[in-house]
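Enquirer: Dropping a structure here in structure tokens format, bear with me for questions.
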Amino acid sequence: MWLLFILLFLVEPIYAQDASPSAIVDPSVSLGPTTMPAIRLFDQYQRDYLFQYDIYQRAYLNYVDKVKVYTKYGTITTQKDKFNAAINAINARNKAFKSYFLALRVFLDDYKTSNPTITEKNQIDLRKWETWFDEQLIVVPLINNDDDLKKWINDFKDKYPEVQQTIYTALVQHEINLRQQSLNTLQDIAANIKNNPNIKPESEQWISNLAVKSDLVSTGFGNAINLTQRNQNQNKFSNFYPDAKIELTKTNNYIGEISADLKLIIIQFLKP
Amino acid sequence: MSENSYQNQDLETPNPLRVSIGEDLTSSPPITNKSTSPLKSALQTSKIKLLIILSVIVAILFVLSILITIFRSIRPTPRSATTTPTPIITPLPTDITDNERIPADFKTKFNQVDNDSRININFNPPQIDPNIGL
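In the order they appear, the protein sequences are chains A and B.
If you count by the numbering used here, then the first sequence holds residues 1 to 272, one letter each, in order.
If you count by the numbering used here, then the second sequence holds residues 273 to 406, one letter each, in order.
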């Protein structure tokens, strides 16, 4: 009986559900493993492309070995091995290109709102080549003789300059979109400052000078676009991307100057 | 025919065929190269002395040079005067980098612009060999 008395009054009862604050589960906190941050779609496609490119490089090295063996021995067996290795390497290359075009097309979505129409056109061109390489994944494995293979290779070599032009044009447009977004943001800030009732009148000339630098940025964009439309030789691609990068680096510098000027205007002329 | 006595080299009398007219056979003996005059010996002695003196001078100079070299290597070189750097006044930080004075609603936008300017787009196309199979 004394034991029952002790159990009833001195021992703390255990409830089915503990109402203490420490035990309340916060619904925003997961009890399991740490939640992974959302993975960007482009990152996934980029990883896939790098994987396919790695496979292509290994297939290419295998093809080079087979060529050496065939050159040394010249037998029918080595010729067949060389042929199969070429088919395998071309197939791996087509897969790498297909995954690259897919990743690049998704990549352009990042800053598409800066120039939606032109970016959409670039994405259509990228999809066209993505589809073509996808079709070649069916065509190439069916090639079974050297003549057809040579014909296919020559056809690809004719198309390859256009492939390169599409890729680099898309890359240039992506960089323009990124910088255009920054420029738009700075122009919004400038407009806000200009219309702010707390801004001192002395700032007006400073704000007007920003338009000159903005024009320089726009001119840089135009120069980069003009480079992408350079006439290409039918057989050899003239790479305009390095020159375009130079123009885009200049625009980046001007944007940095505009940003610094705006900060100075805010600090000097905007009343707190 | 008997041997002529003047052909015998051992005789004291000289060969009459070689004796010239007016020459006295009993004259003083001929002068040889081995004889030295007192003047010559004096000159040679002075030359030797000069040579010795010069040698001594050269030896002394040589020894002096060695001693000076050793002395310089032992003695520490005097310290050059320490140069004190010109004090450079640290310039005050410019207001442009002072983002704390920028209102919060602008700060977010400026941060976005600054971050975007640092993005380096690097997604180059695959480098391939278009001649595979040829």
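Each residue gets a CB set at the ideal place from its N, CA and C atoms; glycine is no exception.
What whole-angstrom Cβ distance do residue 267/A and residue 390/B have, given they're in contact under 8 Å?
Expert: Contact flag wrong, Cβ pair sits at about 22 Å.
Enquirer: Could you tell me which residues DSSP puts in a beta bridge with residue 61/A?
Expert: For residue 61/A, which the question treats as bridged, DSSP gives no partner whatsoever.
Enquirer: Against chain B, does residue 40/A count as a neighbour if the rule is that its beta carbon must be under 8 Å from one of theirs?
Expert: By this cut-off, residue 40/A is not an interface position.
Enquirer: How many Å lie between residue 54/A and residue 252/A at the Cα?
Expert: Cα to Cα, residue 54/A sits roughly 33 Å from residue 252/A.
Enquirer: Kindly indicate if chain A contains any beta-carbon less than 8 Å away from that of residue 389/B.
Expert: Yes, contact with chain A.
Enquirer: Return the residues of the segment 250-268 of chain A that lie within a Cβ-Cβ distance of less than 8 Å from chain B, sorted by chain order.
Expert: Of all residues in the segment 250-268 of chain A, 252, 255, 256, 259, 260, 262, 263, 264, 266, 267 and 268 have a Cβ within less than 8 Å of some Cβ in chain B.
Enquirer: Taking any Cβ of chain B, which residues in the segment 129-159 of chain A have a Cβ under 7 Å from it, in chain order?
Expert: Cβ contacts with chain B come from 149, 150, 153, 156 and 157.
Enquirer: Could you tell me the alpha carbon to alpha carbon distance between residue 378/B and residue 264/A, rounded to whole angstroms?
Expert: Answer to the nearest angstrom: the Cα atoms are 12 Å apart.
Enquirer: For residue 82/A and residue 225/A, I'd like the C-alpha separation in whole angstroms.
Expert: Cα to Cα, residue 82/A sits roughly 43 Å from residue 225/A.
Enquirer: Decide if the segment 193-209 of chain A is in contact with the segment 132-142 of chain A; the criterion is three or more beta carbon pairs, one per stretch, under 8 Å apart.
Expert: Counting Cβ pairs under 8 Å, fewer than three are found: no touch.
Enquirer: I'd like to check one pair, residue 49/A with residue 111/A: are the Cβ atoms closer than 8 Å?
Expert: Not closer than 8 Å, so no.
Enquirer: Quick one: grab the DSSP three-state call for residue 199/A.
Expert: The answer is strand: DSSP assigns residue 199/A an E or B state.
Enquirer: For residue 364/B, does the three-state DSSP call read helix, strand or coil?
Expert: Bear in mind that a pLDDT of 47 at residue 364/B, under 50, signals an unreliable position, so the model cannot answer this.
Enquirer: Could you compute how far the alpha carbon of residue 230/A sits from the alpha carbon of residue 244/A?
Expert: Going from the Cα of residue 230/A to the Cα of residue 244/A covers about 11 Å.
Enquirer: Can you grab the Cα-Cα spacing for the pair residue 198/A / residue 269/A, in whole Å?
Expert: For residue 198/A and residue 269/A, the distance between alpha carbons rounds to 8 Å.
Enquirer: Would you please state the rounded distance, in angstroms, between the beta carbons of residue 59/A and residue 89/A? I believe it to be under 8 Å.
Expert: Indeed they touch by this definition, with Cβ atoms about 4 Å apart.
Enquirer: Assign residue 259/A to buried or exposed, taking buried as 16 or more other Cβ atoms, counted over all protein chains shown, within 10 Å of its Cβ.
Expert: So residue 259/A counts as buried.
Enquirer: Quick one: which chain B residues come within Cβ less than 8 Å of residue 207/A?
Expert: Those within 8 Å of residue 207/A in chain B number zero; the least Cβ separation is about 14 Å.
Enquirer: With a cut-off of 8 Å, does the C-beta of residue 27/A fall near any C-beta of chain B?
Expert: With a pLDDT of 39 at residue 27/A, under the threshold of 50, the predicted position of this residue should be treated as unreliable, though the coordinate-derived value follows. It does not: the Cβ of residue 27/A has no partner Cβ on chain B nearer than 8 Å.
Enquirer: Assign residue 270/A to one of three DSSP states: helix, strand, or coil.
Expert: In the structure shown, residue 270/A sits in a strand (DSSP, three-state: E or B).
Enquirer: If the criterion is Cβ atoms closer than 8 Å, does the pair residue 91/A and residue 142/A meet it?
Expert: Not closer than 8 Å, so no.
Enquirer: Given residue 248/A, which residues of its chain have a CB within under 6 Å of its CB, disregarding the five upstream and five downstream residues?
Expert: For residue 248/A, where only same-chain residues beyond five positions count, the Cβ hits under 6 Å are 175 and 224.
Enquirer: Give the DSSP-derived three-state secondary structure of residue 258/A in the structure shown.
Expert: If DSSP states are grouped into helix, strand and coil, residue 258/A belongs with the helices.
Enquirer: Given this structure, state the Cα-to-Cα distance separating residue 219/A from residue 180/A, to the nearest angstrom.
Expert: Looking at the two C-alpha atoms, the distance is approximately 12 Å.
Enquirer: DSSP on residue 253/A, reduced to helix/strand/coil?
Expert: Here residue 253/A sits in helix by DSSP.
Enquirer: Measure from the C-beta of residue 404/B to each C-beta in chain A and report whether the shortest distance is under 8 Å.
Expert: Yes, residue 404/B counts as interfacial toward chain A.
Enquirer: Taking the alpha-carbon positions, what's the residue 344/B to residue 328/B distance?
Expert: Looking at the two C-alpha atoms, the distance is approximately 24 Å.
Enquirer: Taking residue 177/A and residue 114/A to be in contact with their CB atoms under 8 Å, please state how far apart those CB atoms are, rounded to whole angstroms.
Expert: 4 Å between Cβ atoms; contact.
Enquirer: Hey, is residue 344/B's beta-carbon within less than 8 Å of any beta-carbon in chain A?
Expert: Residue 344/B does not count as touching chain A.
Enquirer: Residues in its own chain within less than 7 Å of residue 119/A by CB, not counting five upstream and five downstream?
Expert: Here the set comprises 108, 112, 173 and 177.
Enquirer: Expressed to the nearest angstrom, what Euclidean distance is found between the alpha-carbon atoms of residue 84/A and residue 235/A?
Expert: Approximately 27 Å between the Cα atoms of the pair.
Enquirer: Could you give the first and the last residue of the continuous alpha helix (DSSP H) run that contains residue 116/A?
Expert: Note, residue 116/A: alpha helix (DSSP H), 116-139.
Enquirer: Name, going along the chain, the residues of the segment 186-206 of chain A whose beta-carbon falls closer than 8 Å to a beta-carbon of chain B.
Expert: Cβ contacts with chain B: 186, 188, 189 and 192.
Enquirer: According to DSSP, is residue 155/A part of a helix, a strand, or is it coil?
Expert: Helix at residue 155/A.
Enquirer: Does the beta-carbon of residue 334/B have 16 or more other beta-carbons within 10 angstroms, so that it is buried, or is it exposed?
Expert: With fewer than 16 Cβ atoms within 10 Å of its Cβ, residue 334/B is classed as exposed.
Enquirer: Report buried or exposed for residue 74/A, applying the criterion of at least 16 other Cβ atoms within 10 angstroms of its Cβ.
Expert: With fewer than 16 other Cβ atoms within 10 Å, it is exposed.
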